[in-house]
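**Q** Take the position in the sequence shown, starting the count at 1, then add 28; the result is the number in my numbering. Let me give you the structure first, and then I'll get to my questions.
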Amino acid sequence: MSTGTVAGAPIPGRRSNVRVVVVGDRGSGKSSLIAAAASENFPESVAPVLPPTHLPADYYPDGVSVTIIDTSSSYAFVLRKTVIMLKVL
């Protein structure tokens with residue numbers, strides 16, 4: 029497990045980064061939700077599937093960086109991409 033830091037000093041047992049995979053039905057707003065979280069506004073249009081979106085540790089008060097993984101609504105694509113991105117297998 030990664031550790032967080034306070035003033036550069038590691039905090040044992042605390043994560044310094046988190047990966048979030050957004051999965052849902054076609055047209056449910058997965059990409060729009062990610063774009064809104066990253067830009068703090070709701071965009072008029074976004075790509076159907078976004079590349080991994082990185083939110084730096086200083087974006088949140090707890091100092092944890094977040095990587096948001098967007099997915100296609102195609103089940104096979106979702107499963108394959110998730111396994112590759114998260115290095116599950």
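Built from N, CA and C at the ideal position, the CB exists for glycine as well.
1. Using only CA atoms, which one of R43, R42, S60 lies nearest to I97?
2. Tell me the rounded alpha-carbon separation between R58 and R43.
3. How about V74 and T99: do their beta carbons lie closer than 8 Å?
4. Relative to the C-alpha of G52, which candidate in I62, Y87, D90 has its C-alpha closest?
5. Please list the terminal residues of the continuous beta strand (DSSP E) segment that includes L83.
**A** In brief:
1. As a position in the sequence shown, residue 97 is number 69, starting the count at 1. The shortest C-alpha to C-alpha distance from I97 to any of R43, R42, S60 is the one to S60.
2. Here the question's residue 58 lines up with position 30 in the sequence shown. Here the question's residue 43 lines up with position 15 in the sequence shown. Looking at the sequence itself, residue 58 is Lys, so the reference to Arg does not match. Straight-line Cα distance between these residues: approximately 25 Å.
3. Translated into positions along the sequence shown, residue 74 becomes position 46. Translated into positions along the sequence shown, residue 99 becomes position 71. Not closer than 8 Å, so no.
4. For the purposes of this step, residue 52 is identified with residue 24 of the sequence shown, where counting begins at 1. Checking every option, the nearest Cα to that of G52 belongs to I62.
5. Here residue 83 refers to the residue found at position 55 when the sequence shown is read from its first residue. Start and end: 81-83.
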